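Protein sequences appear in the order of chains Y and C.
Here the first sequence is numbered in the working numbering, starting from 1 and rising by one per residue.
Here the second sequence is numbered in the working numbering, starting from 397 and rising by one per residue.
Think of the CB as a built atom: it goes at the ideal place given N, C-alpha and C, for glycine as much as any other residue.
No experiment lies behind these values; they were computed from the predicted model shown.
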Amino acid sequence: MNRRNFLKQSTFASGIFFVPQFLKAFENLPIKTFSNKKVVIIQLKGGNDGLNTVVPFNNDIYYQNRNNISINKNELLRISDEIGLHKSLQPLKNLYDKGFVSILNNVGYPNPNLSHFRSTDIWQTASDSNEYLQNGWIGRYLDYTKAASFKAIEVDESLSLMLKGKTQNGLAVTDAKYLYNSIKQPYFNTVINHYNDAHLNEHNLGYLYNTMIDAKSSSKYIYEKTKTQISKQEYPKNLFGKQLKTIGEFINSGLETQVYYAGLSGFDTHANQPNTQERLLQLYAESMEVFVEDLQKNNQFDDVIILTFSEFGRRVKQNESNGTDHGTSNNVFVIGKNLKQNGLYNSMPDLSNLDANGNLKHEIDFREIYATILDKWLQVDDTAILNKSFSKLKFV
Amino acid sequence: MKSAHIQHLYNRIGFGITPNQLAILLSKSKNVVVDELFLESKIITPLKADLTFLDNYSAQDLKDKNKRQELQKISRAKVIDYNFMWFNRLSNPKEILREKMTLFWANHFVCENKNILFVQKYNNTLRENALGNFGDFAKKIAKEPAMLNYLNNKQNRKKSPNENFARELMELFTLGQGKYTEKDIVASARAFTGYFHDFNGDFKLRKNQHDNADKTFLGKTGNFNGDAIIDIILEQKQCARFISEKIYTYFVNDTINENHINEMVALFYGSYNIEKLMRFVFNSDWFYADENMGSKIKSPVEFLIGMHTIVPYKIEQPRKAILLQKLLGQVLLQPPNVAGWQTGRNWIDSNTIVTRLRLPSVLLNNAEITYSDKGDEEAMLTNFSEKKLRRKTFVKAKIDWETFDKNFKESSFQDLVIQILGTKINDGTKAQILKKQTVSKRDFCIQIMSLPEYQLC
Chain Y
1 MNRRNFLKQS TFASGIFFVP QFLKAFENLP IKTFSNKKVV IIQLKGGNDG
51 LNTVVPFNND IYYQNRNNIS INKNELLRIS DEIGLHKSLQ PLKNLYDKGF
101 VSILNNVGYP NPNLSHFRST DIWQTASDSN EYLQNGWIGR YLDYTKAASF
151 KAIEVDESLS LMLKGKTQNG LAVTDAKYLY NSIKQPYFNT VINHYNDAHL
201 NEHNLGYLYN TMIDAKSSSK YIYEKTKTQI SKQEYPKNLF GKQLKTIGEF
251 INSGLETQVY YAGLSGFDTH ANQPNTQERL LQLYAESMEV FVEDLQKNNQ
301 FDDVIILTFS EFGRRVKQNE SNGTDHGTSN NVFVIGKNLK QNGLYNSMPD
351 LSNLDANGNL KHEIDFREIY ATILDKWLQV DDTAILNKSF SKLKFV
Chain C
397 MKSAHIQHLY NRIGFGITPN QLAILLSKSK NVVVDELFLE SKIITPLKAD
447 LTFLDNYSAQ DLKDKNKRQE LQKISRAKVI DYNFMWFNRL SNPKEILREK
497 MTLFWANHFV CENKNILFVQ KYNNTLRENA LGNFGDFAKK IAKEPAMLNY
547 LNNKQNRKKS PNENFARELM ELFTLGQGKY TEKDIVASAR AFTGYFHDFN
597 GDFKLRKNQH DNADKTFLGK TGNFNGDAII DIILEQKQCA RFISEKIYTY
647 FVNDTINENH INEMVALFYG SYNIEKLMRF VFNSDWFYAD ENMGSKIKSP
697 VEFLIGMHTI VPYKIEQPRK AILLQKLLGQ VLLQPPNVAG WQTGRNWIDS
747 NTIVTRLRLP SVLLNNAEIT YSDKGDEEAM LTNFSEKKLR RKTFVKAKID
797 WETFDKNFKE SSFQDLVIQI LGTKINDGTK AQILKKQTVS KRDFCIQIMS
847 LPEYQLC
C-alpha cells in the first residue's frame, strides 16, 4: 500500500467513524479507495473430498484405497496425462482451459484439526492450530485499512468470524433493501437525528449508536447503489446460485466492497459420497461459470479473484459406507483473469507418504495464500494482518 | 438501599427487576439485600429433562449402527428441548443468583455435547457448584463425560497422550495464556491419561491407560494424577487472579480496575470460596460506582430474558426460541468454540444491532421476522442448496401485557424510562421520546426497548 494513500484513506475513514457530522455526510458519500481489486471467498462447507475432485488417475494407491468410490480414468475430464477433474466440473474445466484457474494442491497447516468447526475457525482466523483467535483475517484487514463495514460483505444473515475484526466488522447482507427498510423506520431516524453526540467516541453507548448509524448508512449505500442492477445471467436457482447472483450484482453495480464471502454446504460425505459430491460439484462449477461470465460482460473480471477452499480434505482410504472421513490438506482453486500461474500450481499429493492417521501431509500453508492475496492483490501489509510473516506464492 | 443501586444489582445478578419487587427492597440495607440473595440461592433445583427413553438402551446398543443413530436422533431433539427448558428456567428463576452464576460458568468451563444425558449432567454440575469451591468445581468438570468428550481427554492414553484438555485447563479455565510452558502441558496431559466414563456418564479411570510415572509440573515433581495437577494450579496466585478478572468483567465492568482485582484476589486465593468472593463484590462500594452502572452491553440471553422481566412472554415452540438466540448470536448449549462467546462489544455488529432494535416490536407485537436458516451445524453438514436464501416466520408468543399493565400501573412515562432503561439515557434521545406522548403505555414500552440504550445494563 502506498503510504500517502493509506494516510488519506485512514484519516478520512476514521473521521467518518468518530465524528458524527461526518457520519451524516457519509450517508451520501462512500469512501473513495485506491485499490479496486476484489476477492470473492467461497467455502465448500463440510470438507470436500479433494482427491475425488482432482484425481490422479494413474496412481495405483488411489484406486487401492478407494475400491468403491474411485473414479475411472475414462470418466474424468483430463487436464494432464496424470490428472483429471471430476466429471461434474465441466463448467470449471471450461474456465481452466481459458487459463482462468490455478489449482493449488496440498494446502493445509501444521498439526491439523479434524473438527469442522475448529478447522473452519483456523481457516477463518488464520491462526495456528493450537491458537484461539477472536477475530478473522478479513476483519483484521478492515481494522488495518480502517474501512467501513460494507468493504467486506458476507452474503448471509449472520456474520462469520472471518469478517470480525478487533475494531471493525464486515457486514452480513442477503438483501440490502430489507436491512435498509428495517432501520430506516421513522422512529429510528428520529433516534439517530436527535442523538446528542457529546460522547460518541466513548463508552459502549457511543459504540451502539455508531453501529446503528453504520448499519443504516451501509445498507443505504448498498441498497441505493445496487437497486437498479439486476443480473441478466441465469444463475442456478438455489441458495448458492442466489448468493453468487447477489455478489455479481454488487460487483457489477460498482460497489466498493473488496471482499465477499459465501458458502456451499453439504460436503461432509461420510456415506454414499459419489452421488452427493457429484451434485454439489456440479452446482459449484455451474455457478462459477455463470458468475465469471456475468463479471466479464460487465468488464469487472479483471479486478476479481475467486478463492475456493474447504476446511479440510478427506481421508485417503474410503470407509465402509462408500464415504470418506475427515482428513487434512486439500486443493484450493484460485480463479481469475490474469493469473501469473494458471493450471496446476504444484504437484499432486504423495499418497505413499501419509501421516499417522492415514491423512495427507500439507505442502502449502493456507496462510501463504492469504499473505499473497493481501500483499500482491489488495496491496496491504500482510504481516500486520496475519500477525506473522509467510512466504508469498506466485499465482497473482 | 437506593433505587438505582437495587436496579443495578438486579441487572447484574439477574435480568432486571420490576417496580413492585424493587419497592419491597427500598427500605432494606445493602447487606440485608445481598444476604437475602444468597439465602435464596442456597437451594439447588436441578434442571431435569425426561430421560426415560434411555431405559430402552444399553451400552451394548452403541455397537449397532442403526440403534446408535436412533439414539443420537432422539438425543439431539432432547438437547433442543433442554435449551428451551433452560431458557424458561432463566425467565422464571427462583434461585436467581445461582441461575445467573450458572450462565456465567457455562461461558467459563465451555463445553458442548450432543448426548442429552451428558448435557444435563454438565448443566447441573455448573448449577450445583456455581457458588461452591472453585477447586472442587474444576476437578468435577474434568471428570464430566461432556468435557471428557469435548476436549478429548477420553482419547488421552498413556502411549499417545492427547493434550487438548490439559492445554485448555490452564489457558482458558484456570491460569490464562502464557502462564505456563509447553512442558507443563505435556506433564499435565500425562496426569490426565486414562480418564474415561461409562454409558451412564459415570467417571472411570482406566488404570492401564494411566501414566503412573513421575511428572514435573509447574516446578513440582511427583506421580501426579488429574486432581493433583489442579491442586498445584490452585497454589498459583495467578489462578485466583484469572478467575477474579473473569468475574469482574462479567459482573462489574469490561475494563479491569487493578485495585479492585487485588482486593478480590486477596480474598479468593487459598479458600477459593466462590460465594465469599461474590458477597464481597456485591457488598463493595465500588460495585455501585457510577462508572459501573449501565456500562455493560447485555448478552443476547440477558437481552431476551430482561425483556421478559418487563413484559412476560412465553414462546410457543422451542425452535423459535433457539432462532431468536441464533439471530442475536448466543444459542444456549452451543458455544462457538472452547473459548466461549466473546462478550461486550463483540455481541454487536450491524446485523445484531438491527435485530435487537427491531426485536421488541417483532416479539411483543407478533410481527414477522425474516431470517435464513444457515450457519449452524446442521446446515453445514447437510445440503441446503435447494432451500431458499431467505425465509420468513412468525415467532408465536403469548404476551402477558396484563402483568405489565399491573406492574407499571403507577408509572409515568418518565418513570418507565428509568425503570426500563436506568439512568444512562442520552439527553437528546430522552427529550425526543418524551416529547410525543400520544402513544399507549404499552407502545411506549416497546419504543424504549427499541433504543440503543436498552442494550446496556
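- Rounded to the nearest whole angstrom, the CA to CA distance from Thr498(C) to Ile512(C) is 18 Å.
- Against Lys820(C), the close residues of chain Y are Leu205, in the order they occur along the chain (beta-carbon pairs closer than 8 Å).
- For the pair of segments examined, the stretch 704-712 of chain C was found not to touch the stretch 659-679 of chain C: the number of CB pairs separated by less than 8 Å stays below three.
- For Thr825(C), the neighbours in chain Y by C-beta distance under 8 Å run, in chain order, Val191, His194, Tyr195 and Asn196.
- If you ignore the 5 residues before and after Ile626(C), its C-beta comes within less than 6 Å of the C-beta of Ala534 and Lys535, all in its own chain and listed in chain order.
- Shown in chain order are the members of the stretch 833-847 of chain C whose Cβ falls below 8 Å from a Cβ of chain Y: Gln843, Ser846 and Leu847.
- With three or more CB-CB distances shorter than 8 Å, the stretch 129-143 of chain Y counts as touching the stretch 373-386 of chain Y.
- Here the stretch 596-613 of chain C makes no contact with the stretch 659-670 of chain C; the two share fewer than three CB pairs at distances below 8 Å.
- When rounded, the separation of the alpha-carbon atoms in Val39(Y) and Pro541(C) is 43 Å.
- In terms of CA proximity to Ser807(C), Lys837(C) leads the group Lys837(C), Asp796(C) and Lys555(C).
- The DSSP-derived three-state label of Glu154(Y) is strand.
- Here Ala793(C) carries a strand assignment [DSSP, helix/strand/coil].
- The beta strand (DSSP E) runs lying completely inside the stretch 222-305 of chain Y and spanning 3 residues or more are 259-264, given in chain order.
- Where Ser640(C) is concerned, the enclosing alpha helix (DSSP H) starts and stops at Lys633 to Phe647.
- With a threshold of 7 Å between beta carbons, Ser746(C) makes contact with chain Y.
- Between Gly736(C) and Asn503(C), the C-beta gap is smaller than 7 Å, which places the two residues in contact.
- DSSP places Asn106(Y) inside the beta strand (DSSP E), whose first and last residues are Val101 to Gly108.
- By the Cβ test, the stretch 627-644 of chain C is in contact with the stretch 563-580 of chain C, since at least three Cβ pairs between them sit closer than 8 Å.
- Under a criterion of Cβ atoms nearer than 9 Å, the residues of chain Y adjacent to Gly725(C) are, in order, Ser158 and Leu159.
- Just measuring C-alpha positions, the residue of Leu51(Y), Ile247(Y) and Asn272(Y) sitting nearest Tyr260(Y) is Ile247(Y).
- Arg494(C) has a beta carbon lying at 7 Å or more from every beta carbon in chain Y.
- Less than 7 Å separates the beta-carbon of Asp214(Y) from that of Ser149(Y).
- For Ala384(Y), no Cβ of chain C is located within less than 7 Å of the residue's own Cβ.
- Less than 7 Å divides the Cβ of Gln605(C) from the Cβ of Arg553(C).
- Under DSSP, the beta-bridge partners assigned to Arg78(Y) are Gly84(Y).
- Three or more beta-carbon pairs separated by less than 8 Å are not found between the stretch 119-139 of chain Y and the stretch 337-354 of chain Y, which leaves the two stretches without contact.
- Just measuring C-alpha positions, the residue of Leu171(Y), Ser102(Y), Phe291(Y) and Phe333(Y) sitting nearest Ala152(Y) is Leu171(Y).
- Using a C-beta cut-off of 8 Å, the stretch 283-300 of chain Y makes contact with the stretch 230-240 of chain Y, since at least three inter-stretch Cβ pairs fall below that distance.
- Among the residues facing chain Y, Val750(C) is included, as its CB has a counterpart in that chain under 7 Å away.
- As summarised for the stretch 110-175 of chain Y, the continuous alpha helix (DSSP H) elements at least 4 residues long and confined to that stretch are 116-125 and 137-145, given in chain order.
- Under the three-state reduction of DSSP, Arg553(C) is assigned to coil, being neither helix nor strand.
- Rounded to whole angstroms, the gap between the alpha carbons of Ile122(Y) and Ser129(Y) is 6 Å.
- Within chain C, no residue has its beta carbon less than 7 Å from that of Thr145(Y); the closest one is some 17 Å off.
- An exposed status is given to Asn72(Y), since fewer than 16 other beta-carbon atoms sit within 10 Å of its beta-carbon.
- By the C-beta criterion, the stretch 458-468 of chain C is judged not to be in contact with the stretch 428-443 of chain C, since fewer than 3 inter-stretch pairs fall below 8 Å.
- Annotation: the continuous beta strand (DSSP E) that includes Leu601(C) extends over Phe599 to Leu601.
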